[in-house]
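Peer 1: Take a look at this one; I'll ask things after.
Numbering (the numbering used here), first residue to last: 5 to 1030.
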């Protein structure tokens, strides 16, 4: 039992809190929600999510400290949506892998000198994923092998060939955490939202073990405890208690150790060091980082000292190669806080740090991988990475960093060339910088055919060097794949022969059975794949040939509305002193509506009161009795007539629809008699919608599942009654053309009707999670539907569906909030505005045809909470201020006008690229009778260009012409004509100094032409005030 009392070398390891000057301060860090850590580090750099949206990554040197300048910090414009997870390669300190909510996975190259400017072009983009990318994880021993998870699927990639090696899709829910087995990386562990822990063997294509894990609903994490059979997991118990567990894969179902911690809600992220068995528990939102040591015997978990500081948003471990070993630093944690990064050093106390303490620094993973991707996958190699000594005296270089400047696509080709010259490839083992064929158990001899790449392919003897100097073409890539296949065949044959000599038996290999015809098929498939991907990954051989680039997948989508800004108009246009706002209207109601003249909103009290305010009479609302519309019953929904600013309809819980006509001068006193009142249903009317094109056509929906279409000119009976709903309706919306109706029901179904043709749905499908509510809106000329609702975990969710088959093409999780997101879609700019009651943020997206269809724009964050937004017709926008949308924001006691605009320099011109001709939706296109008879009419359009403004496109064309003709033409012509001829210069042997000025004036005349830089755009003076 002596081992029980054996003191650990790291038992008293203490966190050394750096001075405030050592903190990296004044960072732009937002609040993110994903399974990632939001910060990662290599031995040279640190990267972390940047800005509120999180779609970019900031990259700083590892030794950075102090206050940073936000405007000068280098940023990777990585994705069009939030970066959910990112990791550095363990064998390349400048290679960063990122996964995002925009469904893409990208590889980025950071030069050894660091980023000096923003980076937007990735080195490699992997194929689009079906759902948002959750995790990315590099292989611990094989070079250029990456594991990613997306939704319920897990994929392993070969980054050199940019193809997937293995895919596992049998998770029953979202993957939350993935971990390679330390050392050889033979196995893979995954923690899933279905509360199960799985051990996968990718090369066997099987699940090695599976068991029930943490019972809580929140995230669970998993790490391997060194190169052993034990795993460490963190999560929540069934009673919401945070807990940690140690399991042995030989008996995975029974935990070796389970320990409950506390009732905090922060997700525990274990940061494990396999060299020292030190583990740091960092909880998101916690102020403490707990150090524990994991042992292989009782008590298994030994608690150490705790660090207390600022609130944690994310944390990561710095690689051992970057430790300050002469200060006893055994680990370093980078803590990501609200606006800073704190480097926390964990130091083992010693009497002196003059000498290197080898007992606390075991050998750690070296700079080079022990296997290539082909060795690990095709040849089933399990060689652990080579080890290096951290002793400064035995190092080959002072800084243990490694940068592989060769692009991923060229590494195998260069490896073959190096091998032909008698040198080892990057995948060979290395101990203290010495390489030996005899010492490397996975060393594979290079066949003579591999050294003849250029000789077999071309008559030019220097083609091999030319391949290395240029971006590889399709032909070069094809040679690479052919040589890889030949290499695998020859290597397998030699391995089988060697095994047969030593053991007397052979093990069949899949590559041995490839016939010449199959080889040809493989070559053709790979060539076709390269041709399909050449427009993304390769440069065209013909410089004049233009290759289309899918901006959203490779280089990031550039939107004209990316930096839209919302601002509240002058306080004189606000309505203040609002009292008795009713908050009991159903979730199907928008809470506030506005047209060009008036605003209407519900007021608390009996009788279903609706207050109407004249926009022209803004200011402080007087105390006392408001002039309201009294409906005599609770109002469930209401809406202005889009073609008449004086008409309003209100749907009530008594089944009646009340039509009100407001006097031109506005309400002077309460009114309790509507202009028209009729019963539409026998139950509560929850939804009312005017037709977008036909006058006096109204759709109503009732709690008894009935949906009816009415003509206000003839209320004797409904014109149509739509059938097929099996539960309560959440939302109903007319299509932009007015031909179709889309409904969203609590039975999880989306239905599309064409009322004039059929009372049954023409399309039915989709899968909507029935929670508190949902909304539907048509986008992109009626080709897609946007559904806002909730996920299974009660998170706000935005989904995109194709109208043709109601197939979901994308889904975005926003935040955890109880309010239903209310969408507003501007069809001219394809901008989607999303917000809900009790929220303080308006989330914006650009909707596009190309995947992932939703591209995040700058959100609008006003001060305080709001209860609703009411957007106005396009005709009300002030295009002279580049205002493309205008709305009224309702708070508990104010109504504020909000302007959404795009920053531009040349505001004196009409921005015709932002304001196309808009549809006239404030005037009816057809009458009710025409629509009922099936008449088709196109909605007329109108230009928003004021008469006294010139179009920006015309101004740019004019300036380009003047620059070309004025500067490049006439000025050069004048200079050329004014220069003296050679004979005249020869005749002038001596120039009198007193006549020097006159001589120069004759040779170079005065130029009054407009220079090109005089016509360039600058910064608007008003921009500096912001």
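Where a beta carbon is used, it is the ideal one built from N, C-alpha and C, also for glycine.
If you drop the 5 nearest sequence neighbours on each side, which residues of the same chain put their C-beta closer than 7 Å to that of residue 565?
Peer 2: Position 561 of the chain shown, counted from the start, is the residue given in the question as residue 565. Closer than 7 Å at Cβ, skipping near neighbours: 833, 835, 850, 861 and 906.
Peer 1: By Cβ distance, which residues of its chain are closer than 7 Å to residue 213, with the 5 residues on each side in sequence left out?
Peer 2: In the chain shown, counting from the first residue as 1, residue 213 sits at position 209. Excluding residues within five positions, the ones whose Cβ falls inside 7 Å are 203, 253 and 256.
Peer 1: In its own chain, which residues sit with a C-beta less than 6 Å from the C-beta of residue 45, not counting the 5 before and 5 after it?
Peer 2: Taking the chain shown and counting its residues from 1, the one referred to as residue 45 is at position 41. Around residue 45: 320, 322 and 338.
Peer 1: Does the stretch 31-50 come close enough to the stretch 357-370 that 3 or more CB-CB pairs lie under 8 Å?
Peer 2: Output reads no: the stretch 31-50 does not touch the stretch 357-370.
Peer 1: Helix, strand or coil, according to DSSP, for residue 814 in the structure here?
Peer 2: As a working mapping, residue 814 is identified with position 810 in the chain shown. In this structure, residue 814 counts as strand in the three-state DSSP scheme.
Peer 1: Looking at the unbroken alpha helix (DSSP H) that takes in residue 936, where does it start and where does it end?
Peer 2: Here residue 936 refers to the residue found at position 932 of the chain shown. Here the alpha helix (DSSP H) through residue 936 covers 932-936.
Peer 1: Work out the CA separation of residue 794 and residue 593 for me, nearest whole Å.
Peer 2: Working through the chain shown from its first residue, we reach residue 593 at position 589. Working through the chain shown from its first residue, we reach residue 794 at position 790. Taking the straight line from one Cα to the other gives about 17 Å.
Peer 1: Bridge partners for residue 89 per DSSP, in chain order?
Peer 2: Numbered from its first residue, the chain shown carries residue 89 at position 85. In DSSP, residue 89 forms a bridge with 103.
Peer 1: List the residues that DSSP assigns as beta-bridge partners of residue 798.
Peer 2: Numbered from 1 along the chain shown, position 794 holds the residue referred to as residue 798. Residue 798 is not bridged to any residue.
Peer 1: How far does the beta strand (DSSP E) with residue 262 in it extend, from its first residue to its last?
Peer 2: Walking along the chain shown from the start, residue 262 turns up at place 258. Run containing residue 262: 261-264, per the beta strand (DSSP E) assignment.
Peer 1: Measuring CB to CB, does residue 293 end up less than 8 Å from residue 284?
Peer 2: Numbered from its first residue, the chain shown carries residue 293 at position 289. Numbered from its first residue, the chain shown carries residue 284 at position 280. Yes.
Peer 1: If you draw a straight line from the C-alpha of residue 638 to the C-alpha of residue 615, how long is it?
Peer 2: Your numbering for residue 638 matches position 634 in the chain shown. Your numbering for residue 615 matches position 611 in the chain shown. Those two C-alpha atoms are separated by around 14 Å.
Peer 1: Can you tell me where the alpha helix (DSSP H) with residue 380 in it begins and where it stops?
Peer 2: Indexing the chain shown from 1 puts residue 380 at position 376. Unbroken alpha helix (DSSP H) run through residue 380: 377-382.
Peer 1: Residue 403 by DSSP, collapsed to three states: which one?
Peer 2: Counting from 1 along the chain shown, the entry for residue 403 is found at position 399. Reduced to three states, the DSSP call for residue 403 is coil.
Peer 1: Return the chain-ordered ranges of every beta strand (DSSP E) run that is complete within the stretch 653-721 and spans a minimum of 3 residues.
Peer 2: Those beta strand (DSSP E) runs which fall completely within the stretch 653-721 and span 3+ residues are 660-665, 680-683, 689-694, 701-706 and 711-715.
Peer 1: Under DSSP, the beta strand (DSSP E) around residue 252 begins and ends at which residues?
Peer 2: Position 248 of the chain shown, counting from 1, holds the residue named residue 252. Where residue 252 is concerned, the enclosing beta strand (DSSP E) stretches over 246-252.
Peer 1: I'd like to check one pair, residue 603 with residue 899: are the Cβ atoms closer than 8 Å?
Peer 2: Position 895 of the chain shown, counted from the start, is the residue given in the question as residue 899. Position 599 of the chain shown, counted from the start, is the residue given in the question as residue 603. A contact, by the Cβ cut-off of 8 Å.
Peer 1: Among the candidates 288, 664, 330 and 912, whose CA atom is the shortest distance from the CA of residue 341?
Peer 2: For the purposes of this step, residue 341 is taken as residue 337 along the chain shown, with counting starting at 1. Here the closest residue by C-alpha is 288.
Peer 1: Between 368, 882, 737 and 590, which lies nearest to residue 187 when the distance is taken from Cα to Cα?
Peer 2: As a working mapping, residue 187 is identified with position 183 in the chain shown. If we check each option's Cα against that of residue 187, 368 comes out closest.
Peer 1: When you compare the CB positions of residue 837 and residue 845, do they come within less than 8 Å of one another, or not?
Peer 2: Within the chain shown, numbered from 1, the residue matching residue 837 stands at position 833. Within the chain shown, numbered from 1, the residue matching residue 845 stands at position 841. In this structure, residue 845 does not lie closer than 8 Å to residue 837 by Cβ.
Peer 1: Assign residue 830 to one of three DSSP states: helix, strand, or coil.
Peer 2: Taking the chain shown and counting its residues from 1, one reaches residue 830 at position 826. Three-state DSSP puts residue 830 in a strand.
Peer 1: Contact between the stretch 686-693 and the stretch 718-727: three or more CB pairs below 8 Å?
Peer 2: Result no; under three Cβ-Cβ pairs closer than 8 Å.
Peer 1: Exposed or buried, what is residue 556 when buried is set at 16 or more other beta-carbons lying within 10 Å of its beta-carbon?
Peer 2: On the chain shown, position 552 is the one that residue 556 refers to. Low confidence applies here, because residue 556 scores a pLDDT of 36, under 50, leaving its location unreliable; read the following figure in that light. Per the 10 Å Cβ criterion, buried.
Peer 1: Can the beta-carbon of residue 1034 be found closer than 8 Å to that of residue 59?
Peer 2: The question about residue 1034 has no answer here: the residues shown for the chain are numbered 5 through 1030.
Peer 1: Please determine, among 821, 198 and 581, the residue with the shortest C-alpha to C-alpha distance to residue 626.
Peer 2: The residue you call residue 626 lines up with position 622 of the chain shown. Ranking 821, 198 and 581 by Cα distance to residue 626 puts 581 first.
Peer 1: Compute the Euclidean distance between the alpha carbons of residue 21 and residue 351, then round it to the nearest angstrom.
Peer 2: By 1-based counting over the chain shown, the position of residue 21 is 17. By 1-based counting over the chain shown, the position of residue 351 is 347. When rounded, the distance between both Cα atoms is 10 Å.
Peer 1: Tell me where the beta strand (DSSP E) around residue 628 begins and ends.
Peer 2: Locating residue 628 in the chain shown gives position 624, counting from the first residue. That residue, residue 628, is in no beta strand (DSSP E); it is neither H nor E in DSSP.
Peer 1: Report the start-end ranges of each alpha helix (DSSP H) in the stretch 287-315 that is 4 residues or longer and not cut off at the edges.
Peer 2: None, since the stretch 287-315 contains no complete alpha helix (DSSP H) of that length.
Peer 1: Which same chain residues end up closer than 8 Å to residue 23 when comparing Cβ atoms and leaving out the 5 residues on each side of it in sequence?
Peer 2: As a position in the chain shown, residue 23 is number 19, starting the count at 1. Counting only Cβ-Cβ distances below 8 Å, and skipping sequence neighbours, we find nothing.
Peer 1: Once the 5 residues before and after residue 80 are set aside, which same chain residues still bring their CB inside 7 Å of it?
Peer 2: Within the chain shown, residue 80 is the residue found at index 76, counting from 1. Excluding residues within five positions, the ones whose Cβ falls inside 7 Å are 60, 61, 63, 112 and 123.
Peer 1: Relative to the C-alpha of residue 127, which residue among 166, 268 and 153 is closest?
Peer 2: Mapped onto the chain shown, residue 127 falls at position 123. For the residues 166, 268 and 153, the minimum Cα distance to residue 127 belongs to 166.
Peer 1: Among 936, 779, 912 and 752, which residue has its Cα nearest to the Cα of residue 957?
Peer 2: Along the chain shown, read from residue 1 onward, the residue named residue 957 stands at position 953. Of 936, 779, 912 and 752, the residue nearest in Cα terms is 912.
Peer 1: CB-CB under 6 Å to residue 589, same chain, minus the five flanking residues each way: which ones, in chain order?
Peer 2: Indexing the chain shown from 1 puts residue 589 at position 585. Contacts found: 606.
Peer 1: Secondary structure at residue 363, three-state DSSP: helix, strand or coil?
Peer 2: To locate residue 363, count along the chain shown from 1; it is residue 359. Correct three-state label for residue 363: helix.
Peer 1: Is the number of C-beta pairs between the stretch 654-664 and the stretch 888-902 that are closer than 8 Å three or more?
Peer 2: Output reads no: the stretch 888-902 does not touch the stretch 654-664.
Peer 1: Does the Cβ of residue 1071 have 16 or more other Cβ atoms within 10 Å, making it buried, or fewer, making it exposed?
Peer 2: There is simply no residue 1071 to check, as the chain begins at 5 and stops at 1030 in what is shown.
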